[in-house]
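*Asks:* As numbered in the UniProt record's numbering, residues 1 to 343 make up the sequence shown, in order.
Okay, here's the structure, questions in a sec.
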Amino acid sequence: MRTVAVTGATGFIASHTIALLLEAGYAVRGTVRSLARPEAHAFLTGLPGAAERLRLVEADLLKPQSFDAAVAGCDTVLHMASPYVMTVADPQRDLVDPAVQGTLSVLGACARTPSVSRVVLTSSMAAVTDEPESAVLLTEANWNTRSSLTRNPYYFSKAEAERAAWAFVETEKPGFDLVAINPFIVIGPSLTPQLNTSNAILADLLKGTYPGIIDLTWGMVDVRDVALAHLRAAETPAAAGRYLCAGDTITMREVVGLLRGLNVPGGRLPSLGLDNPVGSLLVRLLSYTQPQGVGSYLRSHIGRAPRYDTAKIQRDLGLSFRDIRGSIVDTVADMTRWGHVGR
Numbered sequence: 001m002r003t004v005a006v007t008g009a010t011g012f013i014a015s016h017t018i019a020l021l022l023e024a025g026y027a028v029r030g031t032v033r034s035l036a037r038p039e040a041h042a043f044l045t046g047l048p049g050a051a052e053r054l055r056l057v058e059a060d061l062l063k064p065q066s067f068d069a070a071v072a073g074c075d076t077v078l079h080m081a082s083p084y085v086m087t088v089a090d091p092q093r094d095l096v097d098p099a100v101q102g103t104l105s106v107l108g109a110c111a112r113t114p115s116v117s118r119v120v121l122t123s124s125m126a127a128v129t130d131e132p133e134s135a136v137l138l139t140e141a142n143w144n145t146r147s148s149l150t151r152n153p154y155y156f157s158k159a160e161a162e163r164a165a166w167a168f169v170e171t172e173k174p175g176f177d178l179v180a181i182n183p184f185i186v187i188g189p190s191l192t193p194q195l196n197t198s199n200a201i202l203a204d205l206l207k208g209t210y211p212g213i214i215d216l217t218w219g220m221v222d223v224r225d226v227a228l229a230h231l232r233a234a235e236t237p238a239a240a241g242r243y244l245c246a247g248d249t250i251t252m253r254e255v256v257g258l259l260r261g262l263n264v265p266g267g268r269l270p271s272l273g274l275d276n277p278v279g280s281l282l283v284r285l286l287s288y289t290q291p292q293g294v295g296s297y298l299r300s301h302i303g304r305a306p307r308y309d310t311a312k313i314q315r316d317l318g319l320s321f322r323d324i325r326g327s328i329v330d331t332v333a334d335m336t337r338w339g340h341v342g343r
C-alpha cells in the first residue's frame, strides 16, 4: 500500500484530494496545525476509508523540521498548504513567509526522506500571470513577474513559492521529482462548513456586496477536477513540470445571469451595469478606497480576459474539465446547504 502525505489537509482542495486518495486505496498522512480539537477534523476522519488509512499529524509551515514525521515512509507528497487571502496586515509575514518558507520546509523534509520519489506542488495561475492580456495565450512557460508586496501580494506569494520550489530542485538535486499544478479560481462543493475565498466570490454576488456588474472575466475550475489533477500527477510516472489547470472563462455578467436564474432566496444580485468604459473608469477610481489586495486586483484585472492553453494537462494527465456553469450551480446548492446563502 502506497502512502501519500498531504499538507494542509483541512483545505478546500486538499480535503477533496484526500477523499479521492482514500477512495483509490492509498494510505494518507495529512498535516494539520493542531490536533487539540479533534472535532475540527471530523469531516476528514469521517471519510470512507479514513478510520483504516488516514492519520493526521501536526506540522507548521514556519517550523522547518515539523514536516519530517509527516513525510516519513511516504512515497509521494502533495504540498497543498499555503495561505489564500487577498488582503492582509503584513504581506511578507502573512503571505510570503508561510508560502515560501513552508514550501522549502516541506521540500527539505522530502529530501531527507529516501522513500519520497515525487512531490506535487499546488501552485496557482497567480504564479503564471497577475494581469492577463487577451492577446497573450498563457502556457506553462509563462511566469508572473509583475506582482510584489504592494501589488497583488497573494499573487506574489504564489509566484515566489513556486520559484523557490524549482530552484530547490535545481540546486539540491534531491531524490524526488517535482510536478506543479497551477489552477485558476477553484470553486465547487465543500466538504467543510467553512466558506473558502473562491466560493465567496459567488456568495458576495448573491449578498449584494458588489455595487454593480463589473468588467471582470474569471478563469474557473471545479475543485473536483483540481483534486483529480493532483491524483493523476501523483500516479503518472511521465508527469513533469507545470500544468495549467483551468476550465472555462466566464464574465461577471454571465455569472450574474446564471445566478439570477437560480432564484436563490434573499439574493441581492447587482443590476447596475459597470462593465463599460465609463463604469470601468469609475471602478478604477474606487479601487483606491478598497483594501490593498482588493484594490490592486481590480486595477490589474478590470477589462482583461485571460486566455490559456490546457492541452498539456489534458494530454499528459488525461484530464477533462467540467462545464463551469454546472459547477456554479453545484456550488450555490452547496453554499445553500451550509447556510452561507439563501437566507
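Each residue gets a CB set at the ideal place from its N, CA and C atoms; glycine is no exception.
What is the DSSP secondary structure of Ile324, counted as helix, strand or coil?
*Replies:* DSSP places Ile324 in helix when its eight states are reduced to three.
*Asks:* Among Cys245, Ala19, Val329 and Val294, whose alpha-carbon lies nearest the alpha-carbon of Ala89?
*Replies:* Among Cys245, Ala19, Val329 and Val294, the Cα nearest to that of Ala89 is on Val294.
*Asks:* What does the alpha-carbon distance come out to for the pair Thr331 and Gly73?
*Replies:* Cα to Cα, Thr331 sits roughly 37 Å from Gly73.
*Asks:* Helix, strand or coil: how does DSSP classify Pro183 here?
*Replies:* Strand.
*Asks:* How is the alpha helix (DSSP H) around Ala159 delimited, first residue to last?
*Replies:* First-last of the alpha helix (DSSP H) with Ala159: Pro153 to Glu172.
*Asks:* Can you tell me which of the three DSSP states Tyr297 falls into?
*Replies:* Helix.
*Asks:* Could you name the residues of the same chain whose beta carbon sits closer than 8 Å to that of Arg304, not counting the 5 residues immediately before and after it, in chain order?
*Replies:* The answer, listed in chain order, is Glu131, Pro132, Glu133, Ser134 and Thr217.
*Asks:* According to DSSP, is Gly219 helix, strand or coil?
*Replies:* DSSP places Gly219 in strand when its eight states are reduced to three.
*Asks:* Please report the straight-line C-alpha distance between Val106 and Gln65, rounded to a whole angstrom.
*Replies:* One C-alpha to the other measures close to 9 Å.
*Asks:* Is it buried or exposed, Thr289, if we count other Cβ atoms within 10 angstroms and call 16 or more buried?
*Replies:* So Thr289 ends up on the exposed side.
*Asks:* Pull up the DSSP beta-bridge partners for residue 344, would you.
*Replies:* Since the first residue shown for the chain is 1 and the last is 343, residue 344 is missing from the structure and cannot be characterised.
*Asks:* Can you name the start and end residues of the beta strand (DSSP E) that Gly241 belongs to?
*Replies:* Start and end: Gly241 to Cys245.
*Asks:* Would you kindly work out how many angstroms separate the C-alpha atoms of Ala227 and Met80, rounded to a whole number?
*Replies:* If I take the Cα positions, the gap works out to 11 Å.
*Asks:* Within 10 angstroms of the Cβ of Ala42, are there 16 or more other Cβ atoms? Answer buried if so, exposed if not.
*Replies:* Its Cβ having fewer than 16 others within 10 Å, Ala42 is exposed.
*Asks:* From this set, Ala36, Arg33 and Ala19, which residue's C-alpha is nearest residue 348's C-alpha?
*Replies:* Past the boundaries of the shown model lies residue 348; the chain is included only from 1 to 343, so the question cannot be answered.
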